[in-house]
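Input: a single structure, listed below in structure tokens.
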Amino acid sequence: MTRRLMNWAAAAAIALLGWTSTPSQAQEWRGWNIHPPDYPVSKGMDRFTELVAQRSNGRLKLKTYHSAQLGQQDEAIQQMRLGSIDFAEFNLSPLNNLVASTQVLTLPYLFRDVEHLHRVVDGPVGDQIAAELEKVGIVPLAWYDAGARSFYTRNKVTKPEDLKGMKIRVQTSDLWIDLVKALGANPTPLPFGEVYTSLQSGVIDGAENNWPSYESTRHFEVAKYYITDEHSNVPEILAVSATRWRRLNDADKKLLKDAARESATHQRQLWAEREKVSRERVIAGGAVVTDLEDRSGWSALMKPVYDKYAADPKMADLVKQIRETK
Ligand code: GTR
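Numbering (mature numbering (1 follows the signal peptide of the UniProt record, and there is no 0)), first residue to last: -26 to -1, 1 to 300.
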């Protein structure tokens, strides 16, 4: 109701002023973000909205609601598809069940390093996946970094067998469920915002994430053992809703894309710095880190995941393209 009223008010204001721009241009765009304001993703999004405001002389007004104020990730994806959220920054995992090709970038132990990942997402593979997301109403403009994800638990884990029978929180994604099963653990899908209390109460035994999220959520307080198995490098997208996108002219599309890409450059730099800082902060806060040099014992267990998710010709071809990206 409030939203309808807002739309009506905006439309009335435009009519009164006799603007020639369309209502969609004059209204403020609502942006979703799961992270707190000081997180690299949030700062990247802030850079994006500032650049858009400057370059459109205030004609395009974008406001990001940080800290999951507009809901958890699965709901936000639905809202973007319906057009009630105009832009957002999403991890690809919760999109895995919706657009199969996104699973490829989630696959365990696929990328050699962050440069490899950048070349893949900024190249033809990234473009192909973006085109498929556009078909379901989500238009990716740029790729943001999310580092490597590793397990953290209430009890110490030093090898895959230690995870046997543990309840491990995963995002809503079949691939993630199978990845955790392949290690002998029990996958438990939960929204990000419920992980802290679930760890604290013992509803789950562990979860997995990158350094900055492990730190910003303070999960290290309730699951202090972190092991750098680095099982996935699933990246993130800065995207706008297809509802908005379709109404833009080519010049505005270019303006948004350029701003998004520049914001990604900024975000990637902040990300690299924050990964180190977060690692130091959690250790100072009592986290006990097991650093792995050799991850072959972990990656060897991932064959069933590849057999299931990378076997059909299209997925196999994407994996091949990724492996062959220099
Ligand atoms: C974070 C990611 C979020 C969300 C979260 C999670 O690393 O940036 O978008 O996917 O992990 O595990 O739910």
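Glycine residues also receive a C-beta, built at the ideal position from the N, C-alpha and C atoms.
The model shown is predicted, which means the values in this text are computed figures rather than measured ones.
Return helix, strand or coil for residue i, following the three-state DSSP convention.
| i | result |
| --- | --- |
| TYR39 | strand |
| SER(-3) | Confidence in SER(-3) is poor, its pLDDT being 48 and thus under 50, which makes the residue's placement unreliable; the coordinate value appears in the next sentence. Correct three-state label for SER(-3): helix. |
| TYR280 | helix |
| VAL262 | strand |
| GLU267 | coil |
| PRO209 | coil |
| PRO161 | strand |
| LEU222 | coil |
| SER30 | coil |
| LEU229 | helix |
| ALA285 | coil |
| VAL99 | helix |
| GLY5 | strand |
| ASP12 | coil |
| THR146 | coil |
| GLY167 | helix |
| PHE22 | helix |
| TYR83 | coil |
| VAL94 | helix |
With distances taken between CB atoms, is the gap from residue i to residue j smaller than 8 Å?
| i | j | result |
| --- | --- | --- |
| GLY18 | LEU244 | yes |
| ALA238 | LEU212 | yes |
| TYR13 | SER190 | yes |
| MET54 | ALA42 | no |
| THR80 | SER215 | no |
| ARG297 | ASP203 | no |
| ALA116 | ARG235 | yes |
| ILE142 | PRO161 | yes |
| ALA225 | LEU25 | no |
| VAL279 | LEU91 | no |
| ALA122 | LEU137 | no |
| ILE201 | VAL131 | yes |
| ARG93 | TRP185 | no |
| LYS37 | GLU89 | no |
| TYR83 | MET276 | yes |
| PRO68 | SER16 | no |
| SER75 | LEU292 | yes |
| VAL110 | LEU66 | no |
| ALA261 | PHE166 | no |
Leaving out five residues before and five after residue i in sequence, what residues of the same chain have Cβ atoms less than 7 Å from its Cβ?
| i | result |
| --- | --- |
| ALA197 | TYR126, THR127, ARG128, LEU173, GLY180 and ALA181 |
| TYR283 | GLN77, LEU81, LEU149 and MET289 |
| PHE64 | GLN47, ILE51, GLU210, ILE211 and ALA213 |
Which word fits residue i, buried or exposed, when buried means at least 16 other C-beta atoms lie within 10 angstroms of its C-beta?
| i | result |
| --- | --- |
| residue 312 | Look at the range of the chain in this structure, -26 to 300, and you will see that residue 312 is not part of it. |
| GLN28 | exposed |
| GLY259 | exposed |
| PRO98 | exposed |
| ASP101 | exposed |
| ASP281 | exposed |
| GLN251 | The question names Gln, but residue 251 is Val in the sequence shown. Flag for VAL251 reads exposed. |
| ASN183 | buried |
| ASP286 | exposed |
For residue i, I'd like the list of residues in its chain whose CB is within less than 6 Å of its CB, leaving aside the five on either flank, ordered along the chain.
| i | result |
| --- | --- |
| TRP6 | LEU44, ALA50, ILE59 and ALA62 |
| PRO114 | ALA104, LEU107, ILE211 and ALA213 |
| PHE22 | ALA233, ALA234 and SER237 |
| GLN295 | VAL99 |
| VAL95 | TRP117 and PRO209 |
| TYR85 | With the sequence shown as reference, residue 85 is identified as Phe, and Tyr is not the correct amino acid for it. LEU91 and ASN207. |
| GLN241 | PRO14, GLY18 and TYR118 |
| GLY57 | SER215 and THR217 |
| ARG4 | ILE59 and ASP60 |
Tell me which same chain residues have a C-beta within less than 8 Å of the C-beta of residue i, skipping the five on either side of it?
| i | result |
| --- | --- |
| LYS133 | GLY271 |
| ILE151 | VAL144, PRO161 and PRO163 |
| residue 302 | The chain is shown from -26 up to 300; residue 302 falls before or after that span and cannot be answered. |
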